[in-house]
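Worksheet: the structure to be examined is printed underneath.
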Amino acid sequence: MEMTATGSQPNGELMALRHRMRHSAAHVMADAVIQLFPEAQIGIGPSTDEGFYYDFQVSRPFTPEDLESIQSLMMEAIAHDQPFQKDVISREQANDMFREQQFKLEIIHDIPEYEELSTYTHGRFVDLCQGPHVESTGKIAAVKLLNVAGAYWRGDEKRPMLQRIYGTAFESQDALDQFLHMLEEAEKRDHRRLGKQLDLFGIHEDIGPGLITWHPKGGRIRSIVQAYWQELHDEHNYDVVYSPHVGKARLWETSGHLDFYRDSMFSPNDVDGNEYYLKPMNCPFHIMIYRSALRSYRELPIRYAELGTVYRYERSGVLHGLMRVRGFTQDDAHIFCLPEQVEDEVLGVLDMTFELLSTFGFSDYSISLSTKPEKHVGNEEMWQHATDSLARALARRSLQYGIDEGGGAFYGPKIDIKIKDALGREWQCTTVQFDFNLPDRFDLAFQGADGGQHRPYMVHRAIMGSVERFVGVLLEHYGGAFPLWLSPVQAQVIPIADRHLEYASKVKARLRGSHIRGEVDSRNERMNQIEKVPYMLVVGDSEMGSDTASVRLRTGENLGPVGIDTLIERMNDEIIRKA
RNA sequence: GCCGGCGUAGCUCAGCGGUAGAGCAGCGGUUUCGUAAACCGCAGGUCAAGGGUUCGAAUCCCCUCGCCGGCUCCA
3 MEMTATGSQP NGELMALRHR MRHSAAHVMA DAVIQLFPEA QIGIGPSTDE
53 GFYYDFQVSR PFTPEDLESI QSLMMEAIAH DQPFQKDVIS REQANDMFRE
103 QQFKLEIIHD IPEYEELSTY THGRFVDLCQ GPHVESTGKI AAVKLLNVAG
153 AYWRGDEKRP MLQRIYGTAF ESQDALDQFL HMLEEAEKRD HRRLGKQLDL
203 FGIHEDIGPG LITWHPKGGR IRSIVQAYWQ ELHDEHNYDV VYSPHVGKAR
253 LWETSGHLDF YRDSMFSPND VDGNEYYLKP MNCPFHIMIY RSALRSYREL
303 PIRYAELGTV YRYERSGVLH GLMRVRGFTQ DDAHIFCLPE QVEDEVLGVL
353 DMTFELLSTF GFSDYSISLS TKPEKHVGNE EMWQHATDSL ARALARRSLQ
403 YGIDEGGGAF YGPKIDIKIK DALGREWQCT TVQFDFNLPD RFDLAFQGAD
453 GGQHRPYMVH RAIMGSVERF VGVLLEHYGG AFPLWLSPVQ AQVIPIADRH
503 LEYASKVKAR LRGSHIRGEV DSRNERMNQI EKVPYMLVVG DSEMGSDTAS
553 VRLRTGENLG PVGIDTLIER MNDEIIRKA
């Protein structure tokens, strides 16, 4: 559904082989589970881009020991190199064959009559399956079971919860080991771990889950990101606005949030007999600003931007570090414009987006265009025009994208951009959404050249998505080693002995005088390597005598003694280039 | 919210029925040393909260809260 704009995916043939192998591994696993748990009801067992899984309903939860036993049985099946045999069967045969398997029966029931049913058999295990598979179990070169998790049957929380076992398989032990190594690397880059290690932010039980405190170093990073955001928006002619964190029930009634979004909102507060809600979105406030005066077509487009902190109730099980929280700051903007301006406005947003992404070193992303869902507001022409505008803007920048048919919001079509971090994981950040709903609800208008009142087009957009998530993505992307311009501490001055302390302080003062964030580390233990400080300046007798510092970079590169002025110049140059 | 796992000092973790330990960080001394962790000492914990079983619970059971992996949902 989504296409990768640029990328370093394994080639199609290899991916296809992996998918076949993983799918086969899923069968082998199901076979093993049924041997150990004859009562097991089996769900589905597909391959994925990273591995495979199979869902089971068993009398008790799987334990880690079960996984080991299952894996051993799988290894036996693989050693026996059992062939996979495909058979086309009739509906009657299928219903009979799987009469003990309620989930399979349901699947059979849901397959349209005109479609062929087939089974794949290896050893004594038969599964309803379209394939394809590898020729025999022996072709599964390297396999490993990873973990167990609960999963609703058919992803529906009203249906039974099954036990899902995840595993992966590769064409060689080497490739599997590489994958496992990558998982370890990913763990080291986990923003929650780095956030703690680098003392950037905190989440405290007594404050509340999903609520972030930014510690000084994280706060520094955030403020730099925000300053850059401000610059970018100045360049692109946005007006920055501010709005409060709460608003009266009446506002949310008009916007429709109390009807459609209430479950995601914090409970109201009573103030002087009025109910006030914490804002889950900024739009109604920006709309009130728009409505504060009669608008002329000459004023359009109007672009209101705000780093607006919103609060949403997220179910406890979905919270995740900075990526998924209950209070977050959207880099929000609302564009009010004429229909004929819309395409250029979207183009402007795309240009800003890619300017920002390249500044932070992201080159891998995927773009999707989501079109009209069944339930929607607004008329056909509006949807068509808006969707075309989005597509044309993408085409004008030669951007590849996938189409998510019917995936738009009920109030308008949208473009979403997911960023891939350094480990290939995707995070939704940028979103550009048309809104045919709120302008009506708030009766937005402008006076046209014809003297009549007209409804403006309204576009929501966020580029970083939320500052919290974006910094989280940055942390993982850089593995905590922020480029110089973003580093909370840019240079750590390290005196050799106490008699060098005074000189170290002077060096620090000179750095600070040139707007470089320097610190003196007078501790005995030097933890700077762990703290990922980009420049480490060692000062001892010889440096003190020559107005220099011995420079070691975070990368391990040693520059030897460098004059302080030269160093400041070099660093400032690097900072300006955001290198 | 649901399924499973987990919750011991600021951090990483050991202890898993007899009443709390290590390393790092912190503090005080000593050392003044060339590019991540010097030496000696000190302090730090109602073992997430509450309830129960037991002569005795960090260790077993229940419940609440929180975290982790998924499912669902999403910036």
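Okay, so the first sequence: first residue is 3 according to this note's numbering, each after it adds one. All C-beta atoms, glycine included, are put in the ideal place defined by N, C-alpha and C. Here the structure is a predicted model, which means the values were calculated and not measured.
- Looking from the CA of Ala171, the closest CA among Ile205, Ile113, Lys160, Ala143 belongs to Ala143.
- Between Leu392 and Pro375, the gap from beta carbon to beta carbon reaches 7 Å or more.
- Residue state for Ser74 is assigned as helix, using DSSP reduced to three classes.
- In the structure shown, Asn574 adopts helical secondary structure according to DSSP, grouped into three states.
- Pairing Asp423 with Thr557, the inter-Cα distance amounts to about 20 Å.
- Here DSSP, grouped into helix, strand and coil, assigns Val273 to strand.
- Apart from sequence neighbours up to five positions away, the residues of its chain that approach Pro270 with a beta-carbon distance below 8 Å are Ala251, Glu277, Tyr278, Tyr279, ordered along the chain.
- For the options Leu309, Ile205, Leu321, Asp346, the alpha carbon positioned closest to that of Ala335 is the one of Leu309.
- According to the DSSP secondary-structure assignment, Ala483 is paired through a beta bridge with no residue.
- Per the coordinates, the alpha-carbon of Leu107 lies some 6 Å from the alpha-carbon of Asn97.
- Under the rule that a run must span 3 or more residues, the beta strand (DSSP E) segments found entirely inside the segment 81 to 143 read 87 to 91, 119 to 124, 127 to 130.
- The beta carbon of Gly426 sits closer than 8 Å to the beta carbons of Asp366 from its chain, once the five residues preceding and following it are set aside; these are given in chain order.
- Going by DSSP, Gln180 is part of the alpha helix (DSSP H) stretching over 175 to 191.
- Note that the C-beta distance between Ser266 and Tyr315 is below 7 Å.
- Listed in chain order, the non-local C-beta contacts of Phe364 below 6 Å within the same chain comprise Ile421, local neighbours out to five positions each way being set aside.
- CA-to-CA, the gap between Arg514 and Leu503 works out to about 16 Å.
- Every alpha helix (DSSP H) of 4 residues or more that sits fully in the segment 474 to 523 is shown, in chain order, as 503 to 515.
- The C-beta distance from Met325 to Trp429 rounds to 7 Å, short enough to meet the 8 Å contact threshold.
- Closest option to Arg194, judged by alpha-carbon separation, among Gly482, Gly210, Phe181: Gly482.
- Residues of the same chain with their beta carbon placed closer than 6 Å to that of Glu255 are lacking, with the five preceding and five following residues left out of the count.
- 7 Å or more divides the Cβ of Leu213 from the Cβ of Gly323.
- The DSSP assignment places complete alpha helix (DSSP H) segments of no fewer than 4 residues inside the segment 341 to 386 at 344 to 361, in order along the chain.
- Take the alpha-carbon of Leu69 and the one of Leu147: they are about 7 Å apart.
- The three-state secondary structure of Thr50, taken from DSSP, is coil.
- In the three-state scheme derived from DSSP, where H, G and I count as helix and E and B as strand, Asp406 is classed as strand.
- In the three-state DSSP reduction, Val320 falls in the helix class (H, G or I).
- Unbroken beta strand (DSSP E) runs of no fewer than 3 residues, entirely contained in the segment 208 to 250, are found at 248 to 250, following chain order.
- The beta-carbon distance between Gln104 and Gln43, rounded to whole angstroms, is 6 Å. This is short enough to meet the 8 Å contact definition.
- Residues of the same chain with a CB within less than 7 Å of the CB of Ala395, apart from the 5 flanking positions on each side, are Glu345, Val348, Leu349, Leu352 in chain order.
- In this structure, the beta-carbon distance from Asn439 to Tyr413 falls below 7 Å.
- Of the candidates Val509, Glu559, Glu533, Val509 places its Cα closest to the Cα of Thr568.
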